[in-house]
Amino acid sequence: MVPSLWKLEVANGLQMAIRRQRIDTAFRDRALLHLARLPITIDPETDTHVWTTTLQVADRFQLTMYDAAYLELAQRRAFPLATLDAELLPAAEALGLTLLGIAP
């Protein structure tokens, strides 16, 4: 499950990679086709928490609202968080979240 902003973030990341000439549009389009096949569920409640819990998480850990949305979702749903982001890791640990793909 991902916050409702996920598709925008993915598309933006791919667009920035095109502008920086790291990938071409054909790669972007193939990547989007592959991502569309994954069993990813968009959280319908992300927007409900933006001006409250998500904002509080962003303030507490000095995160972007985008990063805070992932933490808020993981905390609210009691989901593990998959990240290698250096700013998200200590925040996730402080919130007591389970981290995926991180060696103990």
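Remember, the numbering used here sits 1 above the position in the sequence shown when you count from 1. Just so you know, even glycine gets a beta-carbon here, dropped at the ideal spot from N, CA and C.
### Query
Sorted by chain position, which residues of the same chain lie with C-beta nearer than 6 Å to residue 75's C-beta, five sequence neighbours on each side aside?
For this step, residue 75 is matched to residue 74 along the sequence shown. Excluding positions up to five away in sequence, the list reads 82 and 98.
### Query
The alpha helix (DSSP H) with residue 58 in it runs from where to where?
Within the sequence shown, residue 58 is the residue found at index 57, counting from 1. Annotation: the continuous alpha helix (DSSP H) that includes residue 58 extends over 56 to 62.
### Query
Who are the Cβ neighbours of residue 93 in its own chain at under 8 Å, not counting the five residues just before and after it?
Here residue 93 is taken as the residue at index 92 of the sequence shown, counted from 1. Leaving aside the five residues that flank residue 93 on each side, the residues in its chain whose CB is nearer than 8 Å to its CB run, in chain order, 72, 75, 82, 84 and 100.
### Task
Closer than 8 Å by C-beta to residue 2: which residues in its own chain qualify, once you throw out the five before and the five after it? Chain order, please.
The residue labelled residue 2 in the question sits at position 1 within the sequence shown. Within the same chain, and ignoring the five residues on either side of residue 2 in sequence, the residues whose Cβ sits closer than 8 Å to its Cβ are 41, 42, 43, 44, 74, 78 and 80.
### Query
Could you give the distance in angstroms between the alpha-carbon of residue 46 and the alpha-carbon of residue 52?
The residue you call residue 46 lines up with position 45 of the sequence shown. The residue you call residue 52 lines up with position 51 of the sequence shown. Each residue's Cα considered, the two are about 12 Å apart.
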